[in-house]
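*Asks:* These protein sequence lines are chains A and B, in that order.
Take 1 as the starting number for the first sequence in our numbering and just add one per residue.
Take 1001 as the starting number for the second sequence in our numbering and just add one per residue.
Ideal Cβ placement from N, Cα and C applies to all residues, glycine included.
Structure below; questions to follow.
There are 2 protein chains.
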Amino acid sequence: MISTKGRYAIRVMISLAENMDNGYKTLREIAERQGISKKYLEIIVRDMVSGGLIVGSRGKGGGYRLARQPEEYPIGEIIELMEGPLVPVACLEEGVATCPRAMYCETLPMWEEYNQMTHDFFYGKRLSDLLQNKKTDERHEAAGMTEKEENCGAAREASDE
Amino acid sequence: MISTKGRYAIRVMISLAENMDNGYKTLREIAERQGISKKYLEIIVRDMVSGGLIVGSRGKGGGYRLARQPEEYPIGEIIELMEGPLVPVACLEEGVATCPRAMYCETLPMWEEYNQMTHDFFYGKRLSDLLQNKKTDERHEAAGMTEKEENCGAAREASDE
DNA sequence: TATTTACCTACTGTGTCAATATGTATTTTG
DNA sequence: CAAAATACATATTGACACAGTAGGTAAATA
């Protein structure tokens, strides 16, 4: 299951992609707009900078911007940076010694097949593909929602049954 | 990522499927054969009984057996019983109120597409499909491995780096 | 120099994972 | 009936990740 880390990261990327022409966008803006704790976003965004997804600029007028064009970001790269390797089972992780059971393991072919499918899916999708889905911002602000309401899963709110 | 709970459960199912004609198989046999802690397996197997996957019988001569034919078990059912819902994001969970962002969420279509793909994959595969992959047990016992070696991921051994 | 911004370190509370430990209940066998 | 073998039940543990919060430092602009 993709955690808030990965989901928020993708939303930050979308925010920055929409802001491409306007230079840097501050974290305060992004956090308020998305209804996410700014402090928590700082942690996420730090990893995104060190991972080479975005570029930060300090001081007044600073903020964040994309490091590449939206077409150049496979979604899988964003997810793997935030969530770790996109593999279904530990024995398929990179750099792990081949499992001694591999030779006769009945389940390995299934995991490999699923792994391939997942990898193809998330590396086939690009950030630019997600921008196509977007509706106008007016529609959404006109609805009169507070920032808090437009969250979608701090996961806490929904998990009590 | 599928945890040991789900992976061990599938291996137990395979063990029991291979034992179909011999009545009940004890947990001790399964645990020793697979090199898994019997005590830990008890927890897993309890959920499998209450989930209707297998049937237990107490007392001498008891053990566990499948509740249905191997063709009647979608792998997805086993995984979801042990790991919880097979959805990539919280907002797609059953019984969760529709996310207020759903209308204009740029990422939801992607998650829905992936969710559908995953569901189809794991509910298309059956326990009987995994049995086809099996090689003879002789090959594996003749290799002179101890039970400990044939584990494949208590996840501890590989996760240090 | 003051303000604004990103950046850094540490901490917290809740929960899950992967077990371990210790017992209870039930069935077969001697 | 007693003993053994089995499943079933409850509690606890240590390590770790998730989702934040708190309080600061460094750099750029006005």
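#1: Is there a C-beta anywhere in chain A that falls below 9 Å from the one on E1106(B)?
#2: From the DSSP output, which residues share a beta bridge with S1057(B)?
#3: Have a look at A102(A), T26(A), G76(A) and flag the residue whose alpha-carbon is nearest the alpha-carbon of G6(A).
#4: With DSSP run on the structure shown, which of helix, strand or coil describes D137(A)?
#5: Would Q1116(B) be called buried (16 or more neighbouring beta carbons within 10 Å of its own) or exposed?
#6: To the nearest angstrom, how far is it from the Cα of E106(A) to the Cα of L66(A)?
#7: Against L974(B), what residues of chain A qualify as contacts under a CB-to-CB distance less than 9 Å, listed in chain order?
#8: From the DSSP output, read off the bridge partner residues of R126(A).
#9: If contacts are defined as beta-carbon pairs under 8 Å, then P1074(B) and F1122(B) qualify, I think. What distance do you get, rounded to the angstrom?
#10: Which residue from K38(A), I54(A), V89(A), L127(A) puts its Cα closest to that of I1010(B)?
#11: Within its chain, find whatever has a CB closer than 6 Å to the CB of G51(A); leave out the 5 residues flanking it on each side and keep chain order.
#12: May I ask you to list the residues that DSSP assigns as paired with K1025(B)?
#13: With distances taken between CB atoms, is the gap from L1127(B) to I1014(B) smaller than 9 Å?
#14: May I have the straight-line CA-CA distance separating L41(A) from L27(A), to the nearest angstrom?
#15: Can you give me the C-alpha to C-alpha distance between S37(A) and A31(A), rounded to a whole angstrom?
#16: By DSSP, does C91(A) sit in helix, in strand, or in coil?
#17: Any idea if K1125(B) is buried or exposed, counting beta-carbon neighbours within 10 angstroms, 16 or more meaning buried?
#18: Please list, in chain order, the residues of the stretch 112–127 of chain A that have any C-beta partner in chain B closer than 9 Å.
#19: Whole angstroms are fine: how far does the CA of M1001(B) sit from the CA of V1087(B)?
#20: What do you reckon, are the CB atoms on Y24(A) and G61(A) nearer than 9 Å?
*Replies:* Short version:
#1: Cβ-Cβ to chain A under 9 Å: yes for E1106(B).
#2: Listed as beta-bridge partners of S1057(B) by DSSP are G1063(B).
#3: Closest by alpha carbon: G76(A).
#4: Only weak support exists for where D137(A) lies, its pLDDT of 44 falling under 50; the value from the coordinates is given anyway. Three-state DSSP puts D137(A) in a helix.
#5: Burial call: exposed.
#6: E106(A) and L66(A) have their alpha carbons spaced roughly 44 Å apart.
#7: Here chain B covers residues 1001 to 1161 and nothing more, so residue 974(B) does not appear.
#8: DSSP output for R126(A) lists P74(A) as bridge partner(s).
#9: About 7 Å separates the beta carbon of P1074(B) from that of F1122(B), a gap short enough to meet the 8 Å contact definition.
#10: Per the Cα distances, V89(A).
#11: Excluding its 5 nearest sequence neighbours in each direction, G51(A) has C-beta neighbours in its own chain below 6 Å: L81, listed in chain order.
#12: Looking at the DSSP assignment, K1025(B) forms a beta bridge with Y1064(B).
#13: Yes.
#14: The alpha-carbon atoms of L41(A) and L27(A) are separated by roughly 8 Å.
#15: Using only the alpha carbons, I get a separation of about 6 Å.
#16: Reduced to three states, the DSSP call for C91(A) is helix.
#17: Answer is buried; the Cβ neighbour count reaches 16.
#18: Taking 9 Å as the Cβ-Cβ cut-off against chain B, the residues of the stretch 112–127 of chain A that qualify are E113, Y114, M117, T118, F121, F122, K125.
#19: Straight-line Cα distance between these residues: approximately 12 Å.
#20: Yes.
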